[in-house]
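Here the protein sequences come in this chain order: A and B.
1 is the number of the first residue of the first sequence in our numbering; add one for each residue after it.
1001 is the number of the first residue of the second sequence in our numbering; add one for each residue after it.
Glycine included, each C-beta is placed from N, C-alpha and C at the ideal position.
Predicted model, so just to flag it, every value in this text is computed and none were measured.
As structure tokens, the structure follows; a few thoughts come after it.
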Amino acid sequence: MSQQKPCPHCGAQLPDTASFCPHCARSVNQRKEIHPPRRLPRRVIRGALLALALAALALTAWHYTRPRVYDNGTAEVIYTDGGGSYQLLLNHFGDRFQPMTDYAEEVEEGTTSNKPSRLFINHMDTGVNAKEVFLRKVETITVELLQGGDSPEPWQYTEPQATDYDPEAASRSILTYTDRSGDMELRWTIAMKNGDTIRLYQRMALGVVPTRHFYPEDVPMDTVDDLQALVDEVNETITSDVIVYIHLPAVTYEGSLLLEQRSMNLIGSEGPDGTRTTFTGTLQATAQKGYICQFQNLRFAGDGEGVGVSASARINFSDCQFAGWRTGVLCYGNSWVNIKNSVFEDNTVGFHFNSTSNNRNDHMYNGNLFRRNGTAVLLERVPGDQALYFEGTRFSRNGADIDNRCGHEVSIADAIFE
Amino acid sequence: MYSWLSEQLRSEFEEVRLLKESPRGSVRLIRHDATGKQFILRRFQGNGEVYHRLLGCSCPHLPLIYEAAEREGENLVIEEFVQGDTLDFLLADALFTPQETRKIVKQLCQGLWVLHSMAAVHRDIKPENVILRGGDAVLIDFDAARLHKPQAEADTQILGTTGFAAPEQYGLGQSDTRTDIYSLGVLMNVLLTGQHPSKRLTEGRLGRVIQRCTQVNPAKRYKDVMYLMEALS
């Protein structure tokens, strides 16, 4: 479910290939009502034949005016030849009836994104997908950038081709871009075997989500008091629509840290001697505003008591370590916590899920290691009823691996138990 | 998409009753919790391409297909629940007049035209599979529908309902769109006389139309449903 779209009726998030919204039970796709053509009585046909003969003369003349160019500067062209009329259009998503000439996109600073440009070909009258019939009449299909090819980080595109992943589309090209790629205009050129040329266009206006980064070189953050002061200052001075990254030095923070109000991302680091950014006191996160907090590469080392991270904020952990706590991570209130590629060891309870969120988030708990914990994962309350997946997660020498008190569905098919 | 849809079906819908179950799949009546709307949920193994093609269109004589998802040959289809009486229910009380029969069969032809234009064949046309909704005949249950591949060998599986199925469906040749024309001919005769045309053929012009529909040699039948519609006008 990589691409999503909102339901036009109720706003629920749907996969972009969905035709139906299960939340409000209404269709979200376009339909064409199909009626069989009417055949005419024979005498009308005879009269029509005469007219047709005359028309044929005119047609011959018209043929001499070929080849023709179809270019209206948009993502949709109606092309007519002896075989009928075809609707050709470009769309980034799966709706083969919806031309998409202009599109606005927001990307986070310093990130790379992909979006396909898809070519769809429909029979004008019936709406039936006509890609196969049409492609037999095509000589070549090419794509080029009219704008965005010479920005600081130019837009990239793949050669257009048909793929099994996208069976509805006649062809597609994958666009790759970053926050520094700027606005883009793409042109598809379809050269027909009869000499005709069809051109289709897509334009994208690229917005950048504002992001602020704080580095230890610029702001004091060597002690937990300095760090708390920085967090509080961010809370007071930067609104929650700006993503904030705090890049932490490889030091040990003694004492507890409180993250409240707005979310922020904490990115740990590793020193040349192998020391890592470490917290020995509880990190309490109650931030509710803004994006999901991203915590990466942090170590939480306890002395057998207390809670490593106590979260009523939404947090995604990756590459973190939790060792020697009564509870490594506690997720409570209406938060959702996801953890990937992290290590829990020697805790009484590793990960304790006890939340009633209606903001369900990532269900994949991949690549973690739970070792020598009293209870590795304690599921007391888990919102929703979608399974939690523990793909590639290892459970080793824990007293209990998963204490599933709320009976939430858990997929351990690809977990490893030792 | 498939697992997302299964998940949504579990959380947003409840089963009302199981309508049909076979080794190939099942058909259930389900109800949407929030709105109370009823739908047909079809699970089956095999090729679900017809349903995917029908997502983009509507025809008053076919149920709307709301959603179709496929994973490794397993298919999930959410379909409109068509309310009304089936022809076999109505036939228990009375036969149909030639005028009513012509109207019903012409409407079925329109539904079949949509299927046939997508290179699909229904293969199970019979009174149980036609619902009268107000003045409209709706052709339901294309469980047995499949794509017609012009070069394919004889059908390997025996599908369809005895009596309504054309001879080639028993293994004499590949079923194509003219197979449905055969079943339409039988249906027309049953609506008019209550019997199979081989037992008692309708008299008059409609009888001749039925005879042409039910020729053993498919080449002698109407070439497509448009020709049959013309013959009924």
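Cβ of residue i within 8 Å of any chain A Cβ
i	result
Gln-1008(B)	yes
Glu-1067(B)	yes
Val-1114(B)	yes
Lys-1103(B)	no
Met-1188(B)	no
Gln-1110(B)	yes
His-1032(B)	yes
Ile-1078(B)	yes
Thr-1177(B)	no
Thr-1035(B)	yes
Simplified DSSP state of residue i, which is helix, strand or coil
i	result
Phe-1044(B)	strand
Met-364(A)	strand
Asn-1217(B)	coil
His-35(A)	coil
Val-309(A)	strand
Tyr-1245(B)	Within the shown structure, residues of chain B are numbered from 1001 to 1233, placing residue 1245(B) beyond reach of any answer.
Asp-225(A)	helix
Gly-407(A)	coil
Leu-1192(B)	helix
Cys-1235(B)	What the structure shows of chain B is the stretch from 1001 to 1233, and residue 1235(B) is not part of that stretch, so it cannot be assessed.
Leu-298(A)	coil
Val-1225(B)	helix
Phe-370(A)	strand
His-92(A)	coil
Gln-1107(B)	helix
Thr-237(A)	helix
Arg-136(A)	coil
Asn-1117(B)	Here residue 1117(B) turns out to be Ser, not Asn, going by the sequence shown. Here Ser-1117(B) sits in helix by DSSP.
Cutoff 8 Å: residue i Cβ touching any chain B Cβ
i	result
Gln-4(A)	no
Ala-18(A)	yes
Met-1(A)	Because the pLDDT of Met-1(A) is 45, which lies under 50, any placement of that residue in the model is unreliable, and the number read from its coordinates should be weighed accordingly. Output row for Met-1(A): interface = yes.
Ser-444(A)	Nothing about residue 444(A) can be reported from this structure: the residues present for chain A run from 1 to 418 only.
Glu-33(A)	yes
Pro-36(A)	yes
Chain B residues whose Cβ lies nearer than 8 Å to that of residue i
i	result
Thr-126(A)	Cys-1057 and Ser-1117
Ser-27(A)	Leu-1064 and Tyr-1066
Rounded C-alpha distance that separates residue i from residue j
i	j	result
Met-221(A)	Gly-255(A)	14 Å
Ala-250(A)	Thr-278(A)	7 Å
Gln-296(A)	Asn-341(A)	10 Å
Leu-259(A)	Gln-284(A)	6 Å
Arg-172(A)	Arg-136(A)	17 Å
Asn-366(A)	Thr-163(A)	29 Å
Glu-418(A)	Phe-395(A)	6 Å
Lys-32(A)	Asp-95(A)	13 Å
Gly-306(A)	Tyr-253(A)	16 Å
Ala-25(A)	Thr-17(A)	16 Å
Val-143(A)	Asp-241(A)	36 Å
Val-377(A)	Val-329(A)	10 Å
Phe-390(A)	Asp-403(A)	14 Å
Leu-1201(B)	Glu-1100(B)	18 Å
Ser-181(A)	Ala-53(A)	56 Å
Ser-312(A)	Gln-288(A)	8 Å
Thr-348(A)	Glu-380(A)	15 Å
Contacts that residue i makes with chain A (C-beta to C-beta distance below 9 Å)
i	result
Ser-1011(B)	Pro-22, Gly-384, Asp-385 and Gln-386
Exposure of residue i, with buried meaning 16 or more beta-carbon neighbours within 10 Å
i	result
His-35(A)	exposed
Tyr-1051(B)	buried
Asp-218(A)	exposed
Gly-467(A)	Outside the displayed span of chain A (1 to 418) sits residue 467(A), for which this structure offers no information.
Glu-1153(B)	Interpretation of Glu-1153(B) is limited by its pLDDT of 41, a score under 50 that renders its predicted location unreliable; the figure taken from the coordinates is listed afterwards. Exposed, by the Cβ-count rule.
Leu-59(A)	exposed
Phe-1089(B)	exposed
Val-1216(B)	exposed
Trp-1113(B)	buried
Asn-194(A)	exposed
His-1116(B)	buried
Within chain A, partners of residue i - CB distance below 8 Å
i	result
Ile-1140(B)	Simply none; closest approach about 17 Å.
Where residue i meets chain B, residues with beta-carbon distance less than 7 Å
i	result
Pro-15(A)	Met-1001 and Trp-1004
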